[in-house]
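Worksheet: one structure, shown below.
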Amino acid sequence: MTRSAIVGTGSALPARRVSNAELAERVDTTDDWIVERTGIRFRYIAGPDETTATLGADAASAAIAAAGLAAQDIDLIVLATATPDQTFPASATKIQAMLGIHDCVAFDVAAVCSGFLYALQVADSMIRVGAHRRALVIGAETFSRILDWDDRATCVLFGDGAGAVVLQAVADDAPNGILATRLHADGRHNGLLYVDGGPSTTGTVGKLRMKGREVFRYAVTNLAAVMTETLAVAGITSADVDWLVPHQANARILEATAKKLGLDPARVVMTVDQHANTSAASVPLALDTAVRDGRIRPGQIVVLEAMGGGFTWGAAVVRF
Ligand code: COA
């Protein structure tokens, strides 16, 4: 029997970093309001030559290098994104071409901010059944392109970026590996966080729309529930968790969720202040940050979680 283990992480950000004060020059907002309500201080905004695929490819290259592998070792690419370069082909195939891989399986997964958790379970399952041995799981987004810059309640919250992990098949009794994943969706709420366009409806890309208060309310409840469920499947409790790497939507959601689980806030990896909400990229971006700065070490138990439009939500328990 095999399972999969995370053997390398990487991330990439656009060149341009934008502070709240810079944003306040063109949007009716203040640094104080944004920091107090969300914890966000900066976000990165993609330039014309930076796309979901270029950012995703850069993050993937860094993850492959961290794993000590070559691009040709990869036999599966799963990209989580809600902002693909084009409606089709899948941006995963653009990333594949940029990496110089000419024959592997490559496709996109759309679950918005939960996309990385969805992509992780898909790739983990494909490795468990023996179809693949080394997978790239990428979350990459350019939400700046779908923001309504006249809607101050949403445009201050999001940023662009990418994160990636390399999953490798390991024996079931290996010291490291993905111990459990759980996913959920409840489409009754798909009018609370959505884009008001698309190829089959308006024929346009559309802009992000959100009822922030309602989303906030559901987020804490759903995230605490799915983490409790996933920890139980892994056969551990929150006391065993070394690090929580949550979706970085809002510092207040992160704090409230950790509190509900009885987790020490010092064990929560928080990057929302630096990156804002990068949707599917936020979990692997935060994970790579904490791996590279030495917080996450081999043998430790790490919990990943996210919730996003749909609603979709999920969690994973990983031993590094
Ligand atoms: N700057 C200044 N004022 C702003 C503002 C901004 N950027 N955005 C909204 N406001 C104002 C509103 O106009 C409103 O003013 P009013 O009372 O005069 O009408 C006031 O602030 C409160 O707005 P409201 O939307 O009720 O604020 P809130 O306390 O709910 O905070 C969010 C807004 C978006 C920060 C909060 O709802 C939230 O974090 N929701 C979750 C969103 C999320 O994380 N989504 C992604 C999940 S993947």
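Take the position in the sequence shown, starting the count at 1, then add 19; the result is the number in the working numbering.
Glycine residues also receive a C-beta, built at the ideal position from the N, C-alpha and C atoms.
Nothing here was measured: the structure is a model prediction, and the numbers come from that model.
* Asked: Is there contact here, the stretch 75 to 83 with the stretch 42 to 53, by at least three beta-carbon pairs under 8 Å?
  -> Touching, no, given that fewer than three Cβ pairs across the two stretches are closer than 8 Å.
* Residue range of the unbroken beta strand (DSSP E) whose run includes I197 -> Run containing I197: G196 to A204, per the beta strand (DSSP E) assignment.
* To do: Go ahead and pull the three-state DSSP assignment for M326.
  => Under the three-state reduction of DSSP, M326 is assigned to strand.
* Tell me, please, whether the stretch 177 to 187 touches the stretch 83 to 103 by the rule of three or more beta-carbon pairs shorter than 8 Å. => Taking a cut-off of 8 Å on C-beta distances, the stretch 177 to 187 touches the stretch 83 to 103, as three or more cross pairs fall below it.
* For F159, the nearest candidate out of Q115, G119 and A300 (CA to CA) -> Looking at the sequence shown, residue 159 is not Phe but Ala. Ranked by Cα distance from A159, the options Q115, G119 and A300 are led by A300.
* Runs of beta strand (DSSP E) wholly within the stretch 232 to 300 (minimum 3 residues, chain order) -> Complete beta strand (DSSP E) runs here, min 3: 262 to 265.
* **Coarse secondary structure for I59, derived from DSSP in three states** => In the structure shown, I59 sits in coil (DSSP, three-state: anything other than H, G, I, E or B).
* **C-beta contact flag for D136 and A334 at 9 Å** => A small fix is needed here, since residue 136 is Leu in this sequence, not Asp. Judged by beta-carbon spacing, A334 lies within the 9 Å limit of L136, meaning their Cβ atoms are closer than that value.
* Indicate whether V288 and R316 have their beta-carbon atoms separated by less than 9 Å. => No.
* Could you say which of R311, G328, R36 and D292 lies nearest to E233 if we only look at CA atoms? => Looking at the Cα atoms, G328 is the closest of the given residues.
* Asked: How close, in whole Å, do the beta carbons of P103 and T71 come, if the pair is a contact with beta carbons under 8 Å?
  -> That belief holds up - the Cβ atoms of P103 and T71 are roughly 6 Å apart, short of 8 Å.
* Asked: Any heavy atom of the ligand COA closer than 8 Å to the CB of R62?
  -> Checking every heavy atom of the ligand COA against the Cβ of R62, none is found closer than 8 Å.
* How is the beta strand (DSSP E) around L212 delimited, first residue to last? -> For L212, the enclosing beta strand (DSSP E) stretches over residues L212 to V214.
* Assuming G254 contacts A31 (C-beta within less than 8 Å), just tell me the rounded distance between them. => The beta-carbon distance between G254 and A31, rounded to whole angstroms, is 35 Å. This is too long to meet the 8 Å contact definition.
* To do: Determine the DSSP secondary structure at S163, reduced to helix, strand or coil.
  => Per DSSP, reduced to three states, the secondary structure at S163 is helical.
* Asked: Excluding five sequence neighbours on each side, which residues of the same chain lie with their C-beta closer than 7 Å to the C-beta of V321?
  -> Here the set comprises D261, W262, V264, I315, V337 and F339.
* Looking at V26 and N195, is the spacing between their C-beta atoms short of 9 Å? -> Between N195 and V26, the C-beta spacing is below 9 Å.
* Sort out for me which residues DSSP pairs I146 with in a bridge. => I146 pairs with nothing; no bridge assigned.
* Taking the C-alpha atoms as reference points, what is the distance between A258 and L282? -> Whole-angstrom Cα-Cα distance: 7 Å.
* Name the residue from L227, D127 and A101 whose alpha carbon lies nearest to the alpha carbon of T112. => Checked all of L227, D127 and A101; the closest Cα to T112 is D127.
* **Any 3 or more C-beta pairs closer than 8 Å across the stretch 266 to 276 and the stretch 49 to 66** => Counting Cβ pairs under 8 Å, three or more are found: they touch.
* To do: Starting from G217, follow its DSSP beta bridges and name the residues at the other end.
  => According to DSSP, which records beta bridges pairwise, G217 is partnered with T223.
* Asked: Ends of the alpha helix (DSSP H) at I114?
  -> For I114, the enclosing alpha helix (DSSP H) has its first and last residue at S110 to L118.
* Per DSSP, what kind of secondary structure is D179 in: helix, strand or coil? -> Three-state result, D179: strand.
* Going by the C-beta, is D47 closer than 8 Å to any heavy atom of the ligand COA? -> For the ligand COA, at least one heavy atom lies less than 8 Å from the Cβ of D47.
* To do: Report back the beta-carbon spacing between A65 and G29 to the nearest angstrom; my notes put them in contact at under 8 Å.
  => With 8 Å as the limit, A65 and G29 do not qualify as a contact, their Cβ atoms being about 17 Å apart.
* **Span of the beta strand (DSSP E), counted from its first residue to its last, around R152** => Where R152 is concerned, there is no enclosing beta strand (DSSP E), given that its DSSP letter is neither H nor E.
* **Inter-residue Cα distance where the pair is L166 and F330** => Distance between the alpha carbons of L166 and F330 is about 19 Å.
* **Backbone secondary structure at I96 - three-state DSSP** => Reduced to three states, the DSSP call for I96 is strand.
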